[in-house]
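Numbering (the numbering used here), first residue to last: -11 to 242. Accompanying notes for the structure given below.
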């Protein structure tokens, strides 16, 4: 169980939803709590199953996702992903796809990628409409390697640049939005491994003035991963403690 005492009936009901899904597939699950500062209770159950398929020589990966809060009566998403064209060398172009069916809304998303010489370009579609195009590549600035990913959101007519690099024994990432001449720092994050199997990540969203601190421990329980997350609003310095939210989740694989 996620917490020391017996799960609520809601938690039992969420767990029972796993029974109708193909447990013979490789999968993972995550139970999460509500705000511990307002009384410990189960909040949500997420699970995913995956399997490699070979249909007439066409290889694809099937992934099914369940989210109790999103669609408690059935699957949330079903995804097929793989390569349309395999690359035998760096000089060749590999073409990949990821097709996602949102079960509840009955909508489809498609992501197409092409990769060659270390550069990946992609296009994302939602219900046959192009929504985003972008590229990703690792570049070197001096002796520093930086993962760079610029993208363009078609409908919003805005650009976003994501950057990630190693820093001080950890990694730092940032995303910056450009729209109508305005520059907005969307998110800045820093992740650092504390010791074997344990890490901490701090994520700041300047626009909403929210700081999220996540502590992950893969050694606390064998075969499971525990994560404690604190969301701290920085907009009101006099009310930080009362407005903060603390949650816990337990994830495991089979």
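A virtual CB, placed ideally from N, CA and C, is assigned to each residue, including glycine.
Rounded C-alpha distance that separates residue i from residue j
i, j, result
"residue 85", "residue 59", "25 Å"
"residue 236", "residue 39", "29 Å"
"residue 50", "residue 194", "37 Å"
"residue 122", "residue 27", "43 Å"
"residue 56", "residue 33", "5 Å"
"residue 79", "residue 104", "6 Å"
"residue 184", "residue 154", "18 Å"
"residue 108", "residue 101", "7 Å"
"residue 166", "residue 230", "34 Å"
"residue 87", "residue 134", "29 Å"
"residue 173", "residue 37", "35 Å"
"residue 242", "residue 209", "15 Å"
"residue 136", "residue 228", "34 Å"
"residue 91", "residue 74", "30 Å"
"residue 52", "residue 16", "11 Å"
"residue 152", "residue 30", "34 Å"
"residue 54", "residue 61", "9 Å"
"residue 177", "residue 42", "39 Å"
"residue 131", "residue 110", "28 Å"
Cutoff 6 Å; reference residue i; Cβ partners in own chain excluding five residues on either side
i, result
"residue 239", "18 and 213"
"residue 89", "66 and 96"
"residue 140", "121 and 147"
"residue 206", "185 and 213"
8 Å contact criterion, which residue i and residue j should meet: CB distance rounded
i, j, result
"residue 203", "residue 191", "About 13 Å; that fails the 8 Å criterion."
"residue 149", "residue 138", "5 Å"
"residue 83", "residue 118", "That pair is no contact at about 17 Å."
Close-in-space but distant-in-sequence residues of the same chain around residue i (CB under 7 Å, 5 per side omitted)
i, result
"residue 11", "Low confidence applies to residue 11: its pLDDT is 46, below 50, so where it sits in the model is not reliable enough to give any reading."
"residue 211", "240"
"residue 71", "82, 83 and 84"
Any non-hydrogen atom of the ligand PLP closer than 7 Å to residue i Cβ
i, result
"residue 199", "Questions concerning the ligand PLP fall outside what the structure shown contains, since it holds no ligand whatsoever."
8 Å CB neighbourhood of residue i in its chain, flanking five on each side removed
i, result
"residue 157", "180 and 181"
Residue i: first and last residue of the uninterrupted beta strand (DSSP E) it sits in
i, result
"residue 33", "30 to 43"
"residue 106", "Careful: residue 106 lies outside any beta strand (DSSP E) and carries neither H nor E."
"residue 242", "Per DSSP, residue 242 belongs to no beta strand (DSSP E) and is neither H nor E."
"residue 63", "That residue, residue 63, is in no beta strand (DSSP E); it is neither H nor E in DSSP."
Start-to-end residues for the alpha helix (DSSP H) that takes in residue i
i, result
"residue 229", "228 to 231"
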